[in-house]
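Residue numbering for the sequence shown follows my numbering, starting at 16 and increasing by one per position.
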Amino acid sequence: MDKNMPSQSPPLSDHISLTDQKQAILASIIATSDDAIISKTLDGIINSWNPAAERMFGYTEAEAVGKHISLIIPPDRLSEEDVIIGNISKGNKIDHFETMRMAKNGSLIPISVTVSPITDPSGRVIGASKIARDISIYKQNNEKQGMLAAIVDSSDDTILSKTLEGIITSWNKAAEKMFGYTEQEIVGKHISTIIPPERLQEESFIIGEITNGRKVDHFQTVRQAKDGRQISLSLSVSPIIDDNGKVIGASKIARDISEHINAQEEKARLFEQVKALNDKKDEFIGLASHELKTPLTSISGYLQLLGTIVTDEKGKRFVAKTILQVKKLNALVSDLLDVSSIEAGKLRFNIERFDIRQVIENVIELFAHGNNKHKITLETDISELYVNGDAHRIEQVINNLLTNAIRYAPGSNQIIISLRREKNNIKVGVRDFGVGIPPEKLKQIFSRFYRVEEGSPNISGLGIGLFLSEEIITRHNGEIWAESEPGKGSTFWFTLPLEDTITK
Ligand code: ADP
Numbered sequence: 016m017d018k019n020m021p022s023q024s025p026p027l028s029d030h031i032s033l034t035d036q037k038q039a040i041l042a043s044i045i046a047t048s049d050d051a052i053i054s055k056t057l058d059g060i061i062n063s064w065n066p067a068a069e070r071m072f073g074y075t076e077a078e079a080v081g082k083h084i085s086l087i088i089p090p091d092r093l094s095e096e097d098v099i100i101g102n103i104s105k106g107n108k109i110d111h112f113e114t115m116r117m118a119k120n121g122s123l124i125p126i127s128v129t130v131s132p133i134t135d136p137s138g139r140v141i142g143a144s145k146i147a148r149d150i151s152i153y154k155q156n157n158e159k160q161g162m163l164a165a166i167v168d169s170s171d172d173t174i175l176s177k178t179l180e181g182i183i184t185s186w187n188k189a190a191e192k193m194f195g196y197t198e199q200e201i202v203g204k205h206i207s208t209i210i211p212p213e214r215l216q217e218e219s220f221i222i223g224e225i226t227n228g229r230k231v232d233h234f235q236t237v238r239q240a241k242d243g244r245q246i247s248l249s250l251s252v253s254p255i256i257d258d259n260g261k262v263i264g265a266s267k268i269a270r271d272i273s274e275h276i277n278a279q280e281e282k283a284r285l286f287e288q289v290k291a292l293n294d295k296k297d298e299f300i301g302l303a304s305h306e307l308k309t310p311l312t313s314i315s316g317y318l319q320l321l322g323t324i325v326t327d328e329k330g331k332r333f334v335a336k337t338i339l340q341v342k343k344l345n346a347l348v349s350d351l352l353d354v355s356s357i358e359a360g361k362l363r364f365n366i367e368r369f370d371i372r373q374v375i376e377n378v379i380e381l382f383a384h385g386n387n388k389h390k391i392t393l394e395t396d397i398s399e400l401y402v403n404g405d406a407h408r409i410e411q412v413i414n415n416l417l418t419n420a421i422r423y424a425p426g427s428n429q430i431i432i433s434l435r436r437e438k439n440n441i442k443v444g445v446r447d448f449g450v451g452i453p454p455e456k457l458k459q460i461f462s463r464f465y466r467v468e469e470g471s472p473n474i475s476g477l478g479i480g481l482f483l484s485e486e487i488i489t490r491h492n493g494e495i496w497a498e499s500e501p502g503k504g505s506t507f508w509f510t511l512p513l514e515d516t517i518t519k
């Protein structure tokens, strides 16, 4: 070739190699493309099929080329082909047409397809090239996002998101309802729009946690609505993390807990009220029994005097009966005074060493002199046994148990008291053969003012004897309980430790 010859166009050999080069580049693009690239004649006969088409539809090039394009068109979409070919024949391109095609194994693939006419050098349309992209993932993502958006939108909880700088980026319907700002009003604004000024520092704490990738759970606080209303909330804030694992913002779920808080406050208020009333009642019982004590003491004194003055038998009997009733009244008032002392934490004991057998015998003797038909027997092989404690208070317990054994056993006349030594305890039992106690009430009967009404409807009482007894025994570091079979009778037991009986 003459190098000095001027030339407008490249020599023929160069021209061919350039076209070859171009074609080679095109061929390699087509071969390596992730999109399926197919060409077909105007009659729909496939004449090229790249590797991506093989992967997408499952047919090899050899299998597909020469076949009709309906090979990959689902039967219910065959009519689409007529429309496409109609447009292509007129030289029109079809852009990003979303449809479904069918793979060799029958599965349907959502695709976005762009179809362009192929023209010969004279400009005549001789076929079509198709570029198809599998959009299943995109579709799935879209569906997922749509579902998530629907959940967020229909949630009763306020859901919002913000950047790390505190700029609100999303705001659901519940947030609109709670705070009164619409999405348009608030997206783009700073989160401090809804934070009461005195709580602004909370935000830096929350953002600090979020920036470090930590979640803030059930944070109870107060936020402010558009109309200035303060709302008690429980907030859960989570970091929003991008594909590279970097924290780029925060999502917040807020739940209105005003009602919950109001209910709690109301409960606390009611509790205070009930407690105040209860304290007043205790105070009244204490005061009333104290006031009753004084005249009762003087009535007792005058009755004793009267007993010495009255000489006739009938008169003496009446005085004796009156003295007995006044004693009962006195005991009742003393019990009430004890209850209020317990409530005030002022029940005191006089500790001494005493013989428990002697105390039991004293009580039995008192009852024997009283006016009752019950025969009380003591079963024991102990002749004397000393314990530390308040003998009067222990006597009061045995007295209470015996009184009950008599009152709640109107149909029998036998009561058995037992005294045993068990390890480091003494154990005393009072057994009757009366109405008994339902098993589910065996613990409750020791509560203040508690009475089992159904078993003993005609027996009156205040429901304090066992409450006092339990207090006395537990203060002596002992235990008290009942065993019973309804209709057959009950046994009340108490124990007292033999050493260091009482500490208070
Ligand atoms: P009160 O006898 O004055 O009602 P207590 O505190 O002594 O008060 O007794 C509480 C309740 O326990 C009684 O009302 C009675 O229902 C039940 N109870 C106590 N002792 C017996 C018993 N020996 N047999 C049957 N029930 C009893």
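All residues carry an ideal CB built from backbone N, CA and C; glycine is no exception.
Remember, predicted model here, so these are calculated numbers, not experimental data.
The bridge partners DSSP lists for PHE509 are VAL443, ILE495. With 16 or more other Cβ atoms inside 10 Å of its own Cβ, ARG116 counts as buried. Selection around the ligand ADP by beta-carbon proximity, strictly under 7 Å to any non-hydrogen atom, yields ASN415, ASN419, ALA420, ARG422, TYR423, ALA424, ASP447, GLY449, VAL450, GLY451, ILE452, ILE460, TYR465, ARG466, VAL467, GLY470, SER471, GLY476, LEU477, GLY478, ILE479, GLY480, LEU481, PHE482, SER499, SER505, PHE507 in chain order.
Its chain contains ILE100, ILE103, SER104, VAL140, ILE141, GLY142, ALA143 as the residues whose beta carbon lies nearer than 8 Å to that of LEU57, once the 5 sequence neighbours on both sides are disregarded; these appear in chain order. Contact between the region 347 to 358 and the region 381 to 400 is absent: fewer than three C-beta pairs spanning the two stretches fall below 8 Å. By the CB criterion at 8 Å, SER207 and GLY223 fall outside the cutoff. Between the alpha carbons of GLU274 and ILE210 lies a distance of about 20 Å. In this structure, DSSP gives ASN120 a state outside helix and strand, which the three-state scheme calls coil. DSSP places HIS275 in the uninterrupted alpha helix (DSSP H) bounded by 273 to 324.
With distances taken between CA atoms, ILE474 lies nearest to VAL450 out of VAL450, GLY322, THR178, ILE263. ALA51 is bridged by DSSP to ALA147. Here ASP49 is exposed. Its C-beta has fewer than 16 other C-beta atoms within 10 Å. Inter-segment contact for the region 295 to 309 and the region 248 to 265 is absent: fewer than three beta-carbon pairs are separated by less than 8 Å.
Per the Cβ contact rule, the region 412 to 420 is in contact with the region 439 to 447 (3 or more Cβ pairs under 8 Å).
Secondary structure of VAL354 (DSSP, three-state): helix. Residue pairing by DSSP places LEU434 opposite THR395, VAL443 in a beta bridge.
Ranked by Cα distance from ALA269, the options VAL237, ILE263, ALA67, LEU285 are led by VAL237. LEU250 is bridged by DSSP to PHE234, ALA269. ILE452 is not bridged by DSSP to any residue. Ranked by how close their Cα comes to the Cα of GLN319, the residues LEU307, ALA335, ASN293 have ALA335 in first place. LEU416: member of the alpha helix (DSSP H) spanning 406 to 422, first to last residue.
The beta carbon of ALA424 lies closer than 8 Å to those of HIS389, ILE430, ASP447, PHE448, GLY449, VAL450, GLY504 in the same chain, with the five residues before and after it left out. The C-alpha of THR129 lies about 44 Å from the C-alpha of THR226. Judged by DSSP in its simplified three-state form, TYR465 adopts coil rather than helix or strand.
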